[in-house]
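Numbering (our numbering), first residue to last: 2 to 135.
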């Protein structure tokens, strides 16, 4: 019984001390001080070339493969089903598909197959001959 009384007193003292604190006013930033973000509107219909498809390997869809328009920062990654869609500059745009552990593949946007099958990248092992060994 004594422990319950002590806990209740301690909790009551904490609550009364908390209730006595004055709330602090929020600081507001004037609108003119806010930085403007660049307009990131999507391309308008007819201004880009839409591509899309499925990226897979020998076992099924590849999740998180990167699909990038070569020479730009324009890109996306495949979803949980291995699918992607991207608007590129035109039908002649070069598109690269990459994923860790797989050999990269590059296509022109107009020649992009509906299903891209990635091949595992083979580690190359070589021999080293030191001239001092001979």
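Note that the Cβ used here is the ideal one computed from N, Cα and C, for glycine as well.
What's the gap between the Cα of residue i and the Cα of residue j?
{"i": "residue 111", "j": "residue 124", "result": "31 Å"}
{"i": "residue 119", "j": "residue 100", "result": "8 Å"}
{"i": "residue 96", "j": "residue 70", "result": "5 Å"}
{"i": "residue 61", "j": "residue 81", "result": "11 Å"}
{"i": "residue 109", "j": "residue 50", "result": "11 Å"}
{"i": "residue 57", "j": "residue 67", "result": "12 Å"}
{"i": "residue 73", "j": "residue 87", "result": "13 Å"}
{"i": "residue 92", "j": "residue 117", "result": "17 Å"}
{"i": "residue 94", "j": "residue 77", "result": "15 Å"}
Using 10 angstroms around the beta-carbon of residue i, count the other beta-carbons present and answer buried if the total reaches 16, otherwise exposed.
{"i": "residue 122", "result": "exposed"}
{"i": "residue 85", "result": "buried"}
{"i": "residue 64", "result": "exposed"}
{"i": "residue 79", "result": "buried"}
{"i": "residue 104", "result": "exposed"}
{"i": "residue 59", "result": "exposed"}
Leaving out five residues on either side along the sequence, give the residues of the same chain with a beta carbon under 7 Å from the beta carbon of residue i.
{"i": "residue 113", "result": "52, 54 and 96"}
{"i": "residue 89", "result": "49, 50, 52, 70, 75, 96 and 110"}
{"i": "residue 102", "result": "121 and 122"}
Excluding the five sequence neighbours on either side, which residues of its own chain have a C-beta within less than 8 Å of the C-beta of residue i, listed in chain order?
{"i": "residue 115", "result": "54 and 55"}
{"i": "residue 83", "result": "55, 56, 57, 61, 62, 63, 64 and 66"}
DSSP three-state label for residue i, please.
{"i": "residue 3", "result": "Because the pLDDT at residue 3 is just 44, under 50, the model does not fix this residue reliably, and the value given afterwards should be weighed accordingly. Three-state DSSP puts residue 3 in a helix."}
Please list, in chain order, all residues of the same chain as residue i whose beta carbon is under 6 Å from its beta carbon, the five residues on each side excluded.
{"i": "residue 106", "result": "98"}
Are the C-beta of residue i and some C-beta of chain C separated by less than 8 Å?
{"i": "residue 116", "result": "Among the chains of the structure shown, chain C does not appear; only one protein chain is present."}
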